[in-house]
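Residues in the sequence shown are numbered consecutively from 1, following the working numbering. Note that the Cβ used here is the ideal one computed from N, Cα and C, for glycine as well.
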Amino acid sequence: MTPVPPDVIRAAYAELVVSDLAAARWFYVDVLGLVVTAEDDDAIHLRAFEEYLHHSLVLRRGPVPACARLAYRVRSPADVDHAEIWFRELGVRVERVPAGTSLGIGEAVRIEDPLGFPVEFFHDATHVERFTRRYDLHGAGAISRLDHFNVVTPDVPAAQRYYEDLGFALSEDIEDADGTVYAAWLHRKPTVHDVALTGGDGPRLHHIAFATHERGQILHLCDHLGAARRSDMIERGPGRHGVSNAFYLYLRDPDGHRIEIYTHDYYTGDPDNPVVRWDVHDNQRRDWWGNPVVPSWYAEASPVLDLDGRPRELHERTEAREADVTIGADGFSYTRAEERGFKLGNQV
């Protein structure tokens, strides 16, 4: 029988290694307002207000800040079996993980995927209280749910083929007139993406993103950091993306992990949802208002660990990089796609 890929529902949780658990707790709980499901001296398990699975983020104390795991939920327990068979056939490293190995997570399959990332596929998880209607606890910057991962990988088309083989669909990408692909956005849930692929030296984690319902909640987080005299943790934004149409804010946690707060993207659930293609020279792709992209956003990302907890070796991108080919080299410039003969937000 031909192996079938697991039926992935959505991006489900990430595990980050942090050097100072108390500092990380201040940022994720006191500033961002995430809910603590469980904590001890070594780890904190967090969720957003509308989530009922045990956690969507794990912060674990360790010597080197890094991404230890990205996890996707699959539709049924049988899909965990499908994941094991499919990835063994693919020839990557695969581990079957008994229920309870990770707090709050049932039986799972962990792999080192073809892009070099440690990834878990699971279905069963502990259910906890969903705080959707606990407005007495929300605060002005309430975060609703985990939305997506953004990963840095040298070969975006190869990474895109891998995710499409897993059943993900392309929503938007960035290319040039020669066909070089600089970034791609793919989804399983009916939004713009569950994973974004950014071309660069990898594997590295560019960011994880949490969604809010309203732009005002994002603005409040900026005010909160300003009041705490920690506005230096705001790396980029607030602003609106051209790609995804979402209102965004990028923050750096105390260890430098990048967190995006994100709202107002669009529905992609129809089977003929059109792909939106952007010209790499059109600076409205990254910020609809034409604001510059700070160089650190292109250059910096979190290292990634293998399944044994060791840092992965980086592989260099050989094709052109987005920052290099943008007029002005670092994003501090402005061009219109129409002036280059490329229709803005071209749907294909």
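Three-pair Cβ contact test at 8 Å for the region 35-49 versus the region 122-138: yes
Residue nearest to D232 in terms of C-alpha spacing, selected from P254, A158, S244, A183: P254
Boundaries (first-last residue) of the beta strand (DSSP E) holding G237: 234-240
Buried or exposed (CB count within 10 angstroms, at least 16 for buried), T191: buried
Under the three-state DSSP convention, the category P77 falls into: helix
Spatial distance of A159 from F149 (CA atoms): 14 Å
Residues of its chain near H187, where Cβ-Cβ distance is below 7 Å and the 5 sequence neighbours each way are ignored: F168, A169, S171, H193, D194, T268
Buried versus exposed call for E164 [16 or more other C-beta atoms within 10 Å across all chains shown]: exposed
Spatially closest choice to R230 from P63, E300, F210, R252, by CA coordinates: R252
Enclosing beta strand (DSSP E) for R145 [first to last residue]: 145-153
Alpha carbon of L32 to alpha carbon of T2, nearest angstrom: 45 Å
Contact set for I218: own chain, Cβ-Cβ below 7 Å, skip 5 residues either direction: T212, P238, F247, L249, I261, T263
Bridge partner(s) assigned by DSSP for H207: N150
Three-way DSSP call (helix, strand, coil) for P311 in this model: strand
First and last residue of the uninterrupted alpha helix (DSSP H) at H224: 215-227
Contact belief for E50 with R130 at Cβ below 8 Å, rounded distance in angstroms: 6 Å
Nonlocal neighbours in the same chain, by C-beta distance under 8 Å from Y162, ignoring five residues either side: D113, P114, L115
Exposure of R286, with buried meaning 16 or more beta-carbon neighbours within 10 Å: buried
8 Å contact criterion, which H54 and I105 should meet: CB distance rounded: 7 Å
Presumed contact (8 Å Cβ cut-off) between A48 and L205, rounded CB distance: Incorrect: roughly 19 Å between the Cβ atoms, too far for contact.
C-beta contact flag for A71 and Y28 at 8 Å: no
When V109, P274, V94, R93 are compared against G100, the one with the closest alpha-carbon: V109
The alpha helix (DSSP H) enclosing V156, as first and last residue numbers: 156-165
Boundaries (first-last residue) of the alpha helix (DSSP H) holding S296: 295-299
Through-space distance from G256 to R236, alpha-carbon basis: 13 Å
Among P203, I85, D176, nearest to D324 - alpha-carbon criterion: D176
E322 (DSSP reduced to helix, strand or coil): helix
Contact check, E405 vs A68, beta carbons under 8 Å: Because the chain is modelled from 1 through 348, residue 405 falls outside the range shown and cannot be assessed.
As assigned by DSSP and simplified to three states, the class of A196: strand
Beta-carbon gap between W278 and G242 smaller than 8 Å: yes
Coarse secondary structure for D176, derived from DSSP in three states: coil
In chain order, each beta strand (DSSP E) run of at least 3 residues that lies wholly inside the region 22-66: 35-39, 43-47, 57-61
Option in Y52, A11, V64 with minimal Cα separation from L21: V64
Distance between G199 and R321 (C-alpha atoms, nearest Å): 7 Å
Backbone CA spacing between E95 and A227 [nearest angstrom]: 46 Å
Residue span of the beta strand (DSSP E) that contains D113, given as start and end: Unbroken run through D113: none, as it is neither H nor E.
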